[in-house]
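Read in UniProt numbering, the sequence shown has 203 at position 203, and its numbers run on one by one without any break.
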Amino acid sequence: MARAKSAVSRAAGKPRPKPKVRAAAKGEAALDRYRAMRDFSRTAEPSGATRPASGHGFVVQKHDATRLHYDFRLEMDGVLKSWAVTRGPSPDPADKRLAVRTEDHPLDYAHFEGTIPKGQYGGGTVMLWDEGTWEPMPGKDPRRTLEEGHLHFILHGRRMKGEWLLVRLKPRAGEKRENWLLRKVDDDFAGGPDDLVGQYLTSVESGRSMAEIADGAAPPKRATAKAAAGTGKAKPATMRGRADSPPPFRPVQLATLVDHAPAGDRWLHELKYDGYRLLLAVGGKARAYTRSGLDWSDRFPAVVAEAAGLAVRSALIDGEAVVLDAEGRSSFQALQAALKGDPAAIIFFAFDLLALDGEDLTALPLLERKQRLAALIGAGGDHLHYADHVAGRGEAFFQQACKAGLEGVVSKRADAAYAGGRSGSWVKVKCLHRQEFVLLGWTSSDRNRGFRSLLLGLNEEGGLRYAGKVGTGFDMAEIDRLLAAMKPLETATAPVSAPRAATRGAHWIEPRLVVEVAFTEFTGDGVLRHPSYIGLREDKPAEAVIREEEVPVAELAERSPSPVRITNRDRVIFPDAGITKGALADYYEAIAPAMLPWVANRPISLVRCPQGRARKCFFQKHDAGSFGDHVHHIPIREKDGGEEPYLYIEDAAGLLACVQMGTIEFHGWGAPIADIERPDRLVFDLDPDEGLEFGEVTAAAAHIRDELAAIGLATFAMVTGGKGVHVVAPLRPEAEWPEVKDFARRFATALAETQPQRFTSALAKARRKGRIFVDYLRNERGATAVMPYSARAREGALVAAPLTWEELRALDRPAPWHVGDVDDLVRRAVSRDLAGWGRADQALPGV
Numbered sequence: 001m002a003r004a005k006s007a008v009s010r011a012a013g014k015p016r017p018k019p020k021v022r023a024a025a026k027g028e029a030a031l032d033r034y035r036a037m038r039d040f041s042r043t044a045e046p047s048g049a050t051r052p053a054s055g056h057g058f059v060v061q062k063h064d065a066t067r068l069h070y071d072f073r074l075e076m077d078g079v080l081k082s083w084a085v086t087r088g089p090s091p092d093p094a095d096k097r098l099a100v101r102t103e104d105h106p107l108d109y110a111h112f113e114g115t116i117p118k119g120q121y122g123g124g125t126v127m128l129w130d131e132g133t134w135e136p137m138p139g140k141d142p143r144r145t146l147e148e149g150h151l152h153f154i155l156h157g158r159r160m161k162g163e164w165l166l167v168r169l170k171p172r173a174g175e176k177r178e179n180w181l182l183r184k185v186d187d188d189f190a191g192g193p194d195d196l197v198g199q200y201l202t203s204v205e206s207g208r209s210m211a212e213i214a215d216g217a218a219p220p221k222r223a224t225a226k227a228a229a230g231t232g233k234a235k236p237a238t239m240r241g242r243a244d245s246p247p248p249f250r251p252v253q254l255a256t257l258v259d260h261a262p263a264g265d266r267w268l269h270e271l272k273y274d275g276y277r278l279l280l281a282v283g284g285k286a287r288a289y290t291r292s293g294l295d296w297s298d299r300f301p302a303v304v305a306e307a308a309g310l311a312v313r314s315a316l317i318d319g320e321a322v323v324l325d326a327e328g329r330s331s332f333q334a335l336q337a338a339l340k341g342d343p344a345a346i347i348f349f350a351f352d353l354l355a356l357d358g359e360d361l362t363a364l365p366l367l368e369r370k371q372r373l374a375a376l377i378g379a380g381g382d383h384l385h386y387a388d389h390v391a392g393r394g395e396a397f398f399q400q401a402c403k404a405g406l407e408g409v410v411s412k413r414a415d416a417a418y419a420g421g422r423s424g425s426w427v428k429v430k431c432l433h434r435q436e437f438v439l440l441g442w443t444s445s446d447r448n449r450g451f452r453s454l455l456l457g458l459n460e461e462g463g464l465r466y467a468g469k470v471g472t473g474f475d476m477a478e479i480d481r482l483l484a485a486m487k488p489l490e491t492a493t494a495p496v497s498a499p500r501a502a503t504r505g506a507h508w509i510e511p512r513l514v515v516e517v518a519f520t521e522f523t524g525d526g527v528l529r530h531p532s533y534i535g536l537r538e539d540k541p542a543e544a545v546i547r548e549e550e551v552p553v554a555e556l557a558e559r560s561p562s563p564v565r566i567t568n569r570d571r572v573i574f575p576d577a578g579i580t581k582g583a584l585a586d587y588y589e590a591i592a593p594a595m596l597p598w599v600a601n602r603p604i605s606l607v608r609c610p611q612g613r614a615r616k617c618f619f620q621k622h623d624a625g626s627f628g629d630h631v632h633h634i635p636i637r638e639k640d641g642g643e644e645p646y647l648y649i650e651d652a653a654g655l656l657a658c659v660q661m662g663t664i665e666f667h668g669w670g671a672p673i674a675d676i677e678r679p680d681r682l683v684f685d686l687d688p689d690e691g692l693e694f695g696e697v698t699a700a701a702a703h704i705r706d707e708l709a710a711i712g713l714a715t716f717a718m719v720t721g722g723k724g725v726h727v728v729a730p731l732r733p734e735a736e737w738p739e740v741k742d743f744a745r746r747f748a749t750a751l752a753e754t755q756p757q758r759f760t761s762a763l764a765k766a767r768r769k770g771r772i773f774v775d776y777l778r779n780e781r782g783a784t785a786v787m788p789y790s791a792r793a794r795e796g797a798l799v800a801a802p803l804t805w806e807e808l809r810a811l812d813r814p815a816p817w818h819v820g821d822v823d824d825l826v827r828r829a830v831s832r833d834l835a836g837w838g839r840a841d842q843a844l845p846g847v
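Here you go:
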């Protein structure tokens with residue numbers, strides 16, 4: 001069955017025929033380097049058969065190897081001339097992107113999409129991100145200008161269009177690689193600072209996301225809204241452990257209608273679906289509740305059955321049930337038809353996780369809840385899909401959704417808790433005006449039709465108000481269905497005061513039914529202009545239907561100012577980097593959604609430098625009463641039997657309150673305040689001797705990962721912002737401190753005994769010469785470890801940052817991120833690569 005293009009993918013531009021790429025005979029010699037770098041018995045990449053040369057094709061392949069980049073390839077002389085563009089192409093002429101020249105590739109590579117095995121050159125996932133044809137500028141010889149280092153050309157791609165430039169940079173002394181800059185020329189296809197690569201997350205060839213390609217999922221039979229957001233598909237999970245009962249219904253969070261999508265990386269933007277809002281309650285079996293609490297499990301049997309098989313004891317999942325039309329758009333009419341005839345066509349997009357295995361997650365930041373949800377849903381099944389999002393670029397994402405014919409966008413604060421009801425932390429912006437109305441009755445038709453129009457109303461303070469009538473958007477089957485629902489409710493009394501001319505011959509009904517209507521605007525007296533019927537809504541009570549009015553986004557921001565005032569914002573905290581107190585506060589406010597899952601609600605110690613890093617700094621773990629209301633304390637018994645007040649925070653305001661008091665670094669216990677005697681993580685801090693290369697540290701970390709995996713512990717890597725690496729193993733909080741410390745000590749000692757030239761577990765500096773100290777003492781009661789995303793009070797304003805094992809293996813320096821990289825760190829934190837980082841359901845091994 002042919003696959004229909006997804007709505008957002010189609011909006012990338014009218015597809016052109018695939019470029020005709022053929023190889024020239026002289027391409028054979030040009031491909032020697034390409035072939036020498038690959039073992040074709042292990043990789044599915046093409047070796048490159050020779051064919052006659054012709055054509056001007058180009059491709060862009062999104063390549064998640066040691067680092068994510070975009071391979072830009074132009075057909076020339078029978079091969080694909082290739083550049084690795086580190087951040088991908090930008091439509092902004094002011095944005096110059098580094099493009100590193102790589103080996104020529106065979107023309108067959110233009111159709112390669114899949115996974116290169118680990119251990120092979122370029123190991124990782126490859127997506128065909130764009131394709132089309134190119135042409136040199138008139139009168140220019142592209143071979144000569146390429147040789148001269150200034151290639152000016154025109155692209156006719158699905159996503160990249162218009163004039164572009166590749167300019168070679170002058171090499172630095174000793175530099176081996178050939179660096180170029182890729183830049184958009186200012187023409188009709190140029191744009192602003194929008195993130196082109198962030199708008200398009202699926203393959204132009206298969207419609208798959210990077211996750212789907214990596215999982216080996218087949219291309220979908222039809223495109224869906226998930227293709228726009230980058231979700232995937234895989235086999236449904238199976239139940240593990242003892243099942244709890246399904247969690248009870250709770251009020252859902254609702255979005256406030258606003259005038260435009262909010263700006264900034266603190267917002268996550270999702271597609272607005274045109275379906276039924278559902279809460280899936282899972283626990284052995286599953287139930288599906290509407291937003292008003294009705295149990296509709298029997299209406300969504302396929303969704304409920306798949307949810308019941310999720311690998312959880314219990315969960316409460318928020319999302320929307322939809323049916324996709326032939327264009328890949330969610331359609332409420334199609335959903336209504338499926339509910340009456342083919343419920344197996346219904347799929348569920350999950351966008352929030354309220355509870356998991358008995359734990360209430362609603363107080364956690366949205367970003368943390370979505371990370372847990374992504375880990376739970378995985379790449380998805382036949383009927384359950386994870387609703388992905390875009391961080392930042394809200395207005396561009398909204399415009400893209402509207403061009404694709406979608407309903408609109410829902411924007412959510414990444415750091416916000418989940419709260420039932422309507423709030424400013426969830427907002428929606430619609431491509432077209434549409435909302436629910438109370439159905440008041442119908443007017444008779446003078447033709448052979450059940451009615452001419454429906455009469456509509458809205459609730460106001462004084463009661464129901466007449467809002468007009470709608471006479472388009474019905475077919476005969478829907479007219480019959482509406483009449484069957486209305487006639488039992490017919491009454492002689494009009495429920496509203498309405499214009500006599502507009503309602504002559506009206507059949508009034510009791511105001512119990514709700515319909516959804518699209519329209520262009522309200523007139524001055526509150527009546528609909530150009531309305532069109534969408535459908536009968538059975539999931540919302542009539543008394544809850546009011547007029548939705550757009551709120552300016554700026555007004556929402558004014559309603560929720562930051563609760564912490566940062567004074568002396570211009571004070572320089574990092575003299576070498578020029579970073580001020582204000583910039584450091586902005587960093588922590590932006591990174592809070594990613595950082596709080598690790599630092600909140602556990603005892604912390606702070607490195608405070610009130611006058612800046614170059615002046616006096618000190619360590620503080622006890623509350624002296626000077627931090628204000630947003631920093632809390634918990635009494636903890638110490639070794640001498642007495643109690644001391646230890647610091648902890650709960651939210652972003654707590655982070656900022658600490659920064660206001662001169663804090664740079666955050667270190668945390670290995671146990672939460674809920675049970676400080678039972679750690680929920682193991683940390684091995686690898687501290688290398690001064691003379692060791694960083695590659696020895698990364699290799700040591702991988703060795704420890706493998707050793708712990710062999711005894712049943714999954715681990716995660718984090719660079720500390722110093723010279724070392726943390727190997728982190730999450731734990732179920734069951735074992736107490738003495739048992740955890742003893743395990744860590746025995747493991748570190750065994751490493752040192754089996755490889756004494758490589759490791760030491762001794763604290764003495766003299767014993768570390770030429771070795772890596774495996775610091776297991778982070779795992780004793782009262783000890784702390786630097787928290788993910790904490791800045792470090794060191795030269796360069798470096799940052800501790802989680803990363804994948806593949807990234808660590810390829811890393812060439814110990815501290816690649818600093819405070820100025822906050823945008824990159826925020827995007828990484830919400831990426832699929834780091835989804836589930838630091839999360840594993842595992843116990844301390846009994847060894």
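Positions of the beta carbon are idealized from the N, C-alpha and C atoms, including for glycine. If you're wondering where the values come from, they're calculated on a predicted model, not measured in any experiment.
Self-check item: Closest Cα partner of Ala-810 within the set Leu-713, Val-826, Gly-695, Leu-844
Solution: Gly-695
Practice problem: Scan the UniProt domain "ATP-dependent DNA ligase family profile" (339-430) and note each continuous alpha helix (DSSP H) run of 4 residues or more that stays entirely inside, going in chain order. | Solution: 366-377, 394-403
Self-check item: For Arg-732, the nearest candidate out of Met-718, Ala-714, Arg-746 (CA to CA)
Solution: Ala-714
Quiz prompt | Spatially closest choice to Asp-32 from Gly-55, Glu-103, Gly-78, Ala-99, by CA coordinates | solution = Glu-103
Quiz item: Three-state secondary structure (DSSP) at Met-787?
Solution: coil
Quiz item: Distance, Cα to Cα, Ile-664 vs Thr-567?
Solution: 15 Å
Quiz item: If we count the other Cβ atoms within 10 Å of its Cβ and call it buried at 16 or more, is Asp-64 buried or exposed?
Solution: buried
Self-check item: In chain order, each beta strand (DSSP E) run of at least 3 residues that lies wholly inside the region 730-801
Solution: 772-775
Exercise. Give the secondary structure of Gly-820 by DSSP, where H, G and I count as helix, E and B as strand, and everything else as coil.
Key: helix
Quiz item: Can Arg-465 and Val-496 be called in contact, C-beta distance under 8 Å?
Solution: yes
Exercise. Return helix, strand or coil for Thr-43, following the three-state DSSP convention.
Key: coil
Quiz item: So Val-409 packs on Glu-270, CB below 8 Å; how close in whole Å?
Solution: 7 Å
Self-check item: Range of the contiguous alpha helix (DSSP H) that encloses Glu-131
Solution: No alpha helix (DSSP H) holds Glu-131; the beta strand (DSSP E) holding it covers 124-136.
Self-check item: Classification of Lys-765 by the beta-carbon crowding that lies within 10 angstroms, buried from 16 upward
Solution: exposed
Practice problem: Quick one: residues in its chain with C-beta nearer than 7 Å to the C-beta of Ala-783, no 5 flanking neighbours on either side, listed in chain order? | Solution: Leu-777
Quiz item: Would you call the CB atoms of Glu-175 and Leu-128 closer than 8 Å?
Solution: no
Self-check item: N-terminal and C-terminal residue of the alpha helix (DSSP H) that Asp-586 is part of
Solution: 581-599
Quiz item: Buried or exposed: Ile-676, going by 16 or more other Cβ atoms within 10 Å of its Cβ?
Solution: buried
Quiz item: What residue from Ala-674, Gly-691, Glu-693, Gly-668 has the CA that sits closest to Leu-682's CA?
Solution: Gly-668
Quiz item: On the three-state DSSP scale, how would you describe Lys-621?
Solution: coil
Quiz item: Between which two residues does the alpha helix (DSSP H) harbouring Ala-653 extend?
Solution: 652-660
Quiz prompt | Range covered by the beta strand (DSSP E) that runs through residue 854 | solution = No answer is possible for residue 854: the residues shown for the chain start at 1 and end at 847.
Quiz item: Among Ala-585, Val-719, Glu-75, which has the Cα closest to the Cα of Gln-660?
Solution: Ala-585
Quiz item: When we look at the beta-carbon of Lys-233 and count the other beta-carbons within 10 Å, is it buried (16 or more) or exposed?
Solution: A caution first: Lys-233 carries a pLDDT of 32, below 50, which makes its placement in the model too unreliable to give a value.
Quiz item: Using CA coordinates, which residue listed in Trp-164, Ser-605, Leu-376 is at the minimum distance from Pro-645?
Solution: Ser-605
Quiz item: Quick one: what does DSSP say Leu-513 is sitting in, helix, strand or coil?
Solution: coil
Quiz item: Around the Cβ of His-105, are there at least 16 other Cβ atoms within 10 angstroms (buried) or fewer (exposed)?
Solution: buried
Quiz item: Helix or strand or just coil, what does DSSP make of Ile-566?
Solution: coil
Quiz prompt | N- and C-terminal bounds of the beta strand (DSSP E) containing Gly-275 | solution = Element bounds for Gly-275: n/a, residue is neither H nor E.
Practice problem: Determine the direct distance from the alpha carbon of Thr-720 to that of Ala-190, and round the result to whole angstroms. | Solution: 40 Å
Practice problem: May I ask you to report which of helix, strand or coil DSSP gives Ala-255? | Solution: strand
Self-check item: Best match in Ala-419, Asp-742, Gly-724 for proximity to Asp-352 [C-alpha to C-alpha]
Solution: Ala-419
Quiz item: Taking the alpha carbon of Thr-66 as the point to measure from, which residue in Asp-812, Gly-846, Ala-829 has its own alpha carbon closest?
Solution: Asp-812
Exercise. List the DSSP bridge partners of Ala-315.
Key: Val-282, Leu-356
Quiz item: Does the distance from the CB of Gly-450 to the CB of Asp-475 come in under 8 Å?
Solution: no
Practice problem: Measure the C-alpha to C-alpha separation of Ala-752 and Trp-737 and round it to an integer number of angstroms. | Solution: 22 Å
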